[in-house]
Each structure stands twice: as C-alpha cells, then as structure tokens.
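To start, the structure itself, in structure tokens.
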Amino acid sequence: MSLAPFLAELDGLVADAGKAFASAADAAALEAARIEFLGAAKGRLKAVQKGLSTVSKEDKPAAGKRLNEVKAQLEADFEAAKARLASAGPATKTGPQFDPTLPGKPLRVGRLHPLSQTIDELKDIMGRLGFTVADGPEIEDEWHNFEALNIPGEHPARDPLENFYLSVAQGQVESRKSKDEGPDIRRSTFDVRPLLLRSQTSTVQIRVMERQPPPVRITSLGRVYRPDAADATHYPMFHQIEGLLVDRHVTMADLKSVLRMFATSYLGKDVHIRFRPSFFPFTEPSVEADMQWSDRWIEFGGAGMVDPNVLRAVGYDPEEVSGFAFGLGIERLCMRRHGITDIREFYKNDVRFLEQF
Ligand code: FA5
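Numbering (this note's numbering), first residue to last: 11 to 367.
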C-alpha cells in the first residue's frame, strides 16, 4: 500500500471516532464506541494498524508517526467524553434521562394577607377619588391623639384604662438621647409628655394639617390600638382608613357622595349609605355611617364635618375653610365583603384561612 491511502484511512478513523465519542449520550454508548474504535482485538484502529506492514519501507516512518498521533487523538477523545458524562451526574450514567415533558412539581406560592390586599384596594379607590395617602406614627403624643382633636384632659376617652399608654415618656427619651452631650442637657430637656399607641387614625389629620395649608385631601390607612377584649367583631389591634377633605365650601353632601362612591367601589353598585346622628369630639355634626348590603344595614365607621376647634388647633381659619372627615374599620369592611364572621381569623395565621384570598 502506498502512503496516501493509508493516511486517508487514518483521517477517516479520526473523524468517525470523534463523532461517536462526542455523541455518546450515556456510559453504555461510550463503551460501545470505545470497543468499536479502540478495542484491542477487533477495534478499527487495530485493523488500520495491521495495514502498516503493507506500506513501503521508505514511507513507513511517516505512516508510523501518523498512526501514533491518531491513536493518541482517539484516546484523548474517549477520555473527554468520559469526563463529560461524569460531570452530567449519576442519572445520565445509570438512571433514566431527564424528561422535559413530565409535569413539574407545583411550588407553594405565598400571597398577601387579606388585610394587606384590602388596604391596597382601598388606597386605589381613594386615589381615584382624588385623595393622596398620608402616614403617621403608631406611637403618638397626647396632642395629636387627643388635644388637637378637641378631646380635653378630663375627657373619658383619655382614661389610661381605655388606651395603651407607654411607660416611657417623650422627655425621658430625649434626655437619654442627649446624655453624652453634657451634664445640664439632661435636666433642661426633661419634660414629661406621655406617649401612647394611637387609638385612631384621626391623628394623621392633625399631622397633615400642621404641615400644610388648605386645601387638604388625604387618606391614611394603618394600625390602631385599643384595650378592647377580643371577640367576633373586636380586636385590640385593628386597622382604620381615615379620609380628610378641607377646602372652601365643603358640605355634608360632599361627605355623603364620597362615602357612597367609596362603598359602591368596594362592595358593589347596590350599596346604599345612611347617616345616623352621633358624637365625636373632633366633628360637628357627627354621624355614624351605615351601609346597606345584602338587605342589612351595617355600621362601618364614624364621620362628620371637621370641628372648628380642630381647624383652629392647626392654625386654619374656620371662617375661611370647612371640611369633612371619616374613619372606618378596615377589618369590618373586609369581613363584609368576604362573609368572614370572626375578626380573630385575620390574626391566627392559619394558612387554610389565608390561602382563600
Ligand atoms: C373613630 O375611631 C373615629 N376616629 C372615626 C372618625 C373619624 C369619626 C373622623 C369622625 C371623623 P370609632 O371608635 O367608632 O370612631 O371607630 C371607627 C370604626 O373602627 C368602627 O366603626 C369599627 O368599624 C372599627 N372599630 C372600632 N373598634 C374596633 C375594634 N376593637 N376592633 C375592630 N374594629 C374596630
């Protein structure tokens, strides 16, 4: 045999073996390819090697050199394929192949708490009615929780048994903060102002009006705290939504329209609104707002025209502007909408309840 056909045979072998090793999908296929090409007895390399003896004497060194190169190449290709299968993990070596057509395992997806969902929805509704969201602290002083809201010192609503007062007073907090600033500061800033967990979101009315001149059109949603015993409709911590609109010529008719639009947006078109006379120190006149839903009248919160004393407390002129305010229980609204009969369900963290929303 002359050199050229011998070399061509070797080239063909390199190409075939390279493909076979590279495409072996598992250990069994790779072993079959190894036997076919590198097998000691009947391998194709062995067969080509036998042809070396027929190559002419002067071509033998070149033919032998190429044969050795091809042998090294085949062994390297085999080792590379072995490493590839090993790194693909045991399933490819022994077990069944990954089947992308099988259905996946469903993941347990979390969701927002029903009250968080309600709060988001109520913010949207109020936003569409032109109210922007305002926030205030949950730890309040007596000015914002009571005095500025026209609830004077002797008022029963300020009874320590009706509120969660904190054992740390504001003056003490300040004096501790400034302890390192010099010995006299502690005495000079000491001014005991009791703090409490806010009992209503009406505190935010004051905070907003103190900050900005009229007109005001805000809503505030958040946690409030009262030492009420927990039962089906009461919880010591619950959520309120507050609405406040102050401008020129605001009337009860505006209040009723806004509450009606609010209630129909949240509960549906067939909801009616009813006002019953009531009393709140910070509104005059004051009403309890009821809504009719599924043939029943349900109280959903308090409302009224902002008392002139409140407007004065924040520096507004009651001769110039008037306003309305309302405060509704968010749990009660959500319970109505979903037919929940016990407020305590919201706070049990029972996934069977929570995953229904
Ligand atoms: C107030 O808190 C007034 N700040 C509302 C207001 C705002 C009146 C602005 C006028 C102007 P009241 O105490 O009635 O009002 O509470 C309002 C609503 O909060 C109630 O109608 C009820 O839906 C809800 N609520 C009251 N106490 C609890 C409680 N312990 N658990 C759950 N919801 C409650």
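Note that CB positions come from ideal geometry on N, CA and C, so glycine has one too.
Under a 10 Å Cβ-count criterion, HIS249 is classified as buried, with 16 or more other Cβ atoms of the shown protein chains found around its own Cβ.
VAL143 and SER230 do touch by the CB rule: their CB atoms are close to 7 Å apart, below 8 Å.
Remark: C-beta atoms of PHE334 and ARG227 do not approach each other more closely than 8 Å. The segment 286–341 contains, as complete beta strand (DSSP E) runs of 3+ residues, the segments 293–303, 306–316 and 332–339 (chain order).
Cβ neighbours of TYR245 within its own chain (closer than 8 Å, five residues either side excluded): ASP238, GLU341, ILE353, ARG354, PHE356 and TYR357.
For TYR235, the enclosing beta strand (DSSP E) stretches over residues 226–235.
Take ARG284, set aside five residues on each side of it, and the residues of its chain with a beta-carbon closer than 8 Å to its own are ALA299, ASP300, MET301, GLN302 and TRP307, in chain order. Using a Cβ-Cβ distance cut-off of 8 Å, the segment 208–220 and the segment 156–174 are in contact, since at least three pairs of beta carbons, one from each stretch, lie closer than that value.
Under the three-state reduction of DSSP, THR274 is assigned to helix. DSSP lists ASP300 as the bridge partner or partners of ARG284. Under the Cβ criterion (8 Å, minimum of three pairs), the segment 265–278 does not count as touching the segment 145–152. In the displayed model, THR64 falls within a helix according to three-state DSSP.
Judged by their CB atoms, VAL65 and PHE31 are not nearer to each other than the 8 Å cut-off. In the DSSP assignment, ILE149 is bridged to LEU207.
Here LEU338 is not near PRO328, since their CB atoms are 8 Å or more apart. For ASP360, there is no enclosing alpha helix (DSSP H), as DSSP gives it neither H nor E. In the displayed model, HIS154 falls within a helix according to three-state DSSP.
For ASP317, same chain residues with a beta-carbon under 6 Å away, outside a window of 5 residues either side, are ASN160, PHE292, THR293 and GLU294 in chain order. The criterion of a C-beta distance shorter than 8 Å is not satisfied by ALA37 and ALA43. GLU85 and LEU48 have their alpha carbons spaced roughly 8 Å apart. Rounded to whole angstroms, the gap between the alpha carbons of LEU132 and GLY278 is 13 Å. Within the same chain, and ignoring the five residues on either side of ILE129 in sequence, the residues whose Cβ sits closer than 6 Å to its Cβ are LEU231.
ASP257 carries a strand assignment under DSSP once its states are collapsed to helix, strand and coil.
Look at ILE251 here: in three-state DSSP terms it is strand. When Cβ pairs closer than 8 Å are counted between the two stretches, the segment 77–95 is seen to touch the segment 17–27, the count reaching three or more. The straight-line gap separating the alpha-carbon atoms of CYS344 and PRO110 is approximately 43 Å.
A straight-line Cα-Cα distance of about 14 Å links LYS52 and GLY61. Cβ contact annotation for LEU13 (same chain, cutoff 8 Å, sequence separation greater than five): VAL65, SER66, ASP69, ALA72 and ALA73, in chain order. Non-local C-beta neighbours of VAL281 in its own chain, meaning closer than 6 Å and more than five positions away in sequence, comprise ALA273, THR274, MET301 and TRP303, ordered along the chain.
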